[in-house]
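Residue numbers (this note's numbering), protein chains in the order written: chain A, 80 to 416; chain B, 80 to 416. Scroll down for the structure; my scribbles are underneath it.
There are 2 protein chains.
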Amino acid sequence: MVDKKKTVTIRDIARMANVSYQTVSLVINDKPGVSDPTRQRVQQVMQELDYHPNKVARMLTTNRSHTLELFVVDVQYGGRLADSTKNMAHVAKEAGYSLLISEAESSHLGEAFDSAAARMIDGIVMYAPRLKMSDRELDKLCNGLPLVRRDYVPGSKLAWVGFDQVYATRLAVEHLLELGHQHIAAIPPDADLINGYWRYTTWKNVLLENGLEPGPSCAGDYSMKSGYEAAHKLLDSGQYFTALMVGTDGMAQGALRALHERGLRVPRDISVISFDNTELASYTEPPLTTVEFRFLKQDEIAIKYLIEIINDPNMELHQRVLMADLVLRESTRPIHK
Amino acid sequence: MVDKKKTVTIRDIARMANVSYQTVSLVINDKPGVSDPTRQRVQQVMQELDYHPNKVARMLTTNRSHTLELFVVDVQYGGRLADSTKNMAHVAKEAGYSLLISEAESSHLGEAFDSAAARMIDGIVMYAPRLKMSDRELDKLCNGLPLVRRDYVPGSKLAWVGFDQVYATRLAVEHLLELGHQHIAAIPPDADLINGYWRYTTWKNVLLENGLEPGPSCAGDYSMKSGYEAAHKLLDSGQYFTALMVGTDGMAQGALRALHERGLRVPRDISVISFDNTELASYTEPPLTTVEFRFLKQDEIAIKYLIEIINDPNMELHQRVLMADLVLRESTRPIHK
DNA sequence: TGTGGTAACGTGAACGGTCAAGTTGTTTTA
DNA sequence: TAAAACAACTTGACCGTTCACGTTACCACA
Chain A
80 MVDKKKTVTI RDIARMANVS YQTVSLVIND KPGVSDPTRQ RVQQVMQELD
130 YHPNKVARML TTNRSHTLEL FVVDVQYGGR LADSTKNMAH VAKEAGYSLL
180 ISEAESSHLG EAFDSAAARM IDGIVMYAPR LKMSDRELDK LCNGLPLVRR
230 DYVPGSKLAW VGFDQVYATR LAVEHLLELG HQHIAAIPPD ADLINGYWRY
280 TTWKNVLLEN GLEPGPSCAG DYSMKSGYEA AHKLLDSGQY FTALMVGTDG
330 MAQGALRALH ERGLRVPRDI SVISFDNTEL ASYTEPPLTT VEFRFLKQDE
380 IAIKYLIEII NDPNMELHQR VLMADLVLRE STRPIHK
Chain B
80 MVDKKKTVTI RDIARMANVS YQTVSLVIND KPGVSDPTRQ RVQQVMQELD
130 YHPNKVARML TTNRSHTLEL FVVDVQYGGR LADSTKNMAH VAKEAGYSLL
180 ISEAESSHLG EAFDSAAARM IDGIVMYAPR LKMSDRELDK LCNGLPLVRR
230 DYVPGSKLAW VGFDQVYATR LAVEHLLELG HQHIAAIPPD ADLINGYWRY
280 TTWKNVLLEN GLEPGPSCAG DYSMKSGYEA AHKLLDSGQY FTALMVGTDG
330 MAQGALRALH ERGLRVPRDI SVISFDNTEL ASYTEPPLTT VEFRFLKQDE
380 IAIKYLIEII NDPNMELHQR VLMADLVLRE STRPIHK
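Written out as structure tokens, the structure reads:
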């Protein structure tokens, strides 16, 4: 009995304001062709009846939803996503868009795209750090929907926004080299992850370039636990190293604990460098020298780039590469002779 | 020239399958009234033409979007949200819903609700840890839209899902009391936050109940930095304490650093207990005794509860209270005489 | 044999907007 | 002064579904 409040439509407004529904539409969309007095009268009626245009009806005719969708693909337990969703939603909102978030598995990616299309989603940001798929395949799946990957995907000529992992890794390794380290171990992210692959190979290559034998390495999965266990394994291997490159600050926290348990002191005995520069990096024991990735910037650029593509569908796709910075703290130091 | 692919509609299918569009609709929605041969024929045509029902059109007629919206209200920098969005999206998806995420300020909450209604959002999960608003006001704003707060809001009779902060805090303080501590300081979350308020007052009350004078306290804002600074302030105050209760594991990490800088050892000199039991708690130095909040469970319950309300709008609203658990690690120990 | 019931399908009208093409009436222009 | 231009507003069609009836055809039963 309380729900007798029929939703008020554009035609109700028209009737009350003594104009046609089309005139109301013009007023709503701020289009010309309406005299000032009429416009004001209509606006007043809208106020009085607390009218809000039905967005769904609008979608149906305009074929646009002003909604973006974030695909999180093959990410089990998404620590790394952290603030990204909220941040993206914020950036999108500033630009007049909403953000839908959805999980997908790469095996069902096609359905995800179809579903997005059926909802008249305007564009998609994809976070798929382990997705290996040719541009051709992906382009076919996405079915004409604007798509930006928020990843570093050096092989792809589709739109993506990512941090140059080669550069970032080089930054880390060369920092250690400059400090005189010659025996450098690594705990890179899982090679299954695109950035894991590049971190690992770059680490190796830079060392080889410098005539050094790569130290032991053992991949982790982003969890602190994996960093902890990997560090123990490296030490168990018996191979000598004076510096350790770790995939993320979180993994480094785990590694630090392991080193500590083994009675090794950082940076006295072993220098540790990691990636991300999250809040944690400033509060570890000791604070971490780390390669900073400005994820919020990456999110923002990805969203804005997507919107550009939406507004100009014939735009030539390109890749936006961000460069990391080295942040020096206390976990690294020159090797002592 | 590539876009000549007109979207295929229900009528196209009907024409190709030699039935009426209504029959196709019946097939799509798995409703009775269609013979098996016809049903199969229609399904085959849908396959061939790669038909996907237009969800927007469906929304318009059914007045349901199968979409939930997450309001994040007055949260600046949402560390605590972390995996929640992805997790909620997952739970929602399992139940056939999508999740839209949006930020809002409490001052514009009304518009946010209106916007959700205009999109035909089916229900709202609100995360608004600092929102103080009477049930009456909130109920008026939400305009009949099903709403569940993912917060502990002891004053409210609307639907909410939250951890009992009084119980949780009692758990922490009583643990310290059992260990013989008599001088207990606190770094609660900002009193502006609902749970901050309850943590602070409960900490004080439990101590008073036990005939003890509350130790010094200094609120923090969830950041590690605030924990670090608060700990320093407590020590600067010169007031004696042997135990410290800290609002989150992250703040505890900051506090641990501060204590360390002052030459204090945990737990030898000071016992530390915190809240959340995030991954970090296992890898701090020393690992933290902490009160576990199972946030993922909270998220899941909130979503499911919301869907229940959607399915039965006349359901009597209630509150779902979750209880925390104490997780013992190495940051607390009996006071030495 | 006629009445009734039912399974299988078809039709018209929403849903609440936008778009494109009218229809006025007034003003400008040749 | 007739024609053209324009501002202001209206009308009909359409977006792609679902919903509520209508219409068949067929079979059963009294």
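Glycine included, every Cβ here is placed at the ideal spot set by N, Cα and C. Note that the structure is predicted; figures quoted are calculated from it, not measured.
Contact check for Gly241 (chain B) against Val98 (chain B) fails: the beta carbons are separated by 8 Å or more.
For Met125 (chain B), not one C-beta of chain A is nearer than 8 Å to its own C-beta. Taken in chain order, the unbroken stretches of alpha helix (DSSP H) that lie wholly in the stretch 89 to 172 of chain B and span 4 residues or more are 89 to 96, 100 to 107, 115 to 128, 134 to 141. Counting every other CB atom within 10 Å of its CB across the protein chains shown gives Arg228 (chain B) a total of 16 or more, marking it as buried. Take Val121 (chain B), set aside five residues on each side of it, and the residues of its chain with a beta-carbon closer than 6 Å to its own are Ala96, Val103, Val106, in chain order. Of the other Cβ atoms in all chains shown, 16 or more fall within 10 Å of the Cβ of Gln377 (chain A); this residue is therefore buried. In the DSSP assignment, Met324 (chain B) falls within the unbroken beta strand (DSSP E) covering 322 to 325.
Remark: C-beta atoms of Ser144 (chain B) and Asp201 (chain B) approach each other more closely than 8 Å.
Assigned with DSSP and collapsed to three states, Ile349 (chain B) falls in coil, not helix or strand. Looking only at A:Ile414, A:Thr86, A:Asp391, the smallest Cα-Cα distance to Gly223 (chain B) is reached by A:Thr86. Of the residues A:Ala93, A:Lys110, A:Thr327, A:Ala183, the one whose Cα lies closest to the Cα of Glu127 (chain A) is A:Ala93. A direct Cα-Cα distance of roughly 10 Å separates Glu409 (chain A) from Arg347 (chain A). As a beta-bridge residue in DSSP terms, Arg399 (chain A) pairs with A:Val240.
Counting of Cβ neighbours within 10 angstroms places Leu286 (chain A) among the buried residues, the total reaching 16 or more. For Ala360 (chain B), there is no enclosing alpha helix (DSSP H), as DSSP gives it neither H nor E.
Distance check between Asp315 (chain B) and each of B:Gly326, B:Thr327, B:Asp355, B:Ala264 places B:Ala264 closest, using alpha-carbon atoms only.
Against chain A, the beta carbon of His339 (chain B) has neighbours under 8 Å at Glu364, listed in chain order. Contact check for Leu323 (chain B) and Ile266 (chain B): beta-carbon distance about 7 Å, within the 8 Å limit, so the pair qualifies. Contacts with chain B at 8 Å (Cβ-Cβ) do not include His397 (chain A). A straight-line Cα-Cα distance of about 9 Å links Ala196 (chain B) and His131 (chain A).
Taking 8 Å as the CB threshold, Lys134 (chain B) lines the interface with chain A.
Under the three-state reduction of DSSP, Tyr206 (chain B) is assigned to strand. Residue environment analysis places Met394 (chain A) among the exposed positions, since fewer than 16 neighbouring C-beta atoms fall within 10 angstroms of its C-beta. Taking C-beta atoms as the reference points, Gln332 (chain B) and Pro295 (chain B) fail to come closer than 8 Å.
CA-CA distance, Arg341 (chain B) to Glu364 (chain A), rounds to 14 Å. Residue A:Arg209 holds the alpha-carbon nearest to the alpha-carbon of Ser186 (chain A) among A:Arg137, A:Met199, A:Arg209. Shortest Cα-Cα distance from Phe374 (chain B) to any of B:Ser177, B:Leu258, B:Asp91, B:Lys165 involves B:Lys165.
In the DSSP assignment, the residues bridged to Pro268 (chain A) are A:Gly299. Distance between Lys172 (chain B) and Ser181 (chain A), taken at the CA atoms: about 8 Å.
For Val151 (chain B), the C-beta contacts it makes with chain A under 7 Å involve Lys165, in order along the chain. Shown here, Asp218 (chain B) sits in a helix according to DSSP, grouped into three states.
Residues of the stretch 179 to 196 of chain A that bring their beta carbon within less than 8 Å of a beta carbon in chain B comprise Leu179, Ile180, Ser181, Glu182, Asp193, Ser194, Ala196, in sequence order. Our two residues, Leu313 (chain B) and Gln155 (chain B), have alpha carbons roughly 26 Å apart in a direct line. Sorting B:Pro366, B:Asp91, B:Val151, B:Asn274 by C-alpha distance to the C-alpha of Phe192 (chain B) places B:Val151 at the top. Residues of the stretch 83 to 105 of chain A that bring their beta carbon within less than 8 Å of a beta carbon in chain B are absent altogether. The alpha-carbon of Gln261 (chain A) is positioned some 22 Å away from that of Gly275 (chain A).
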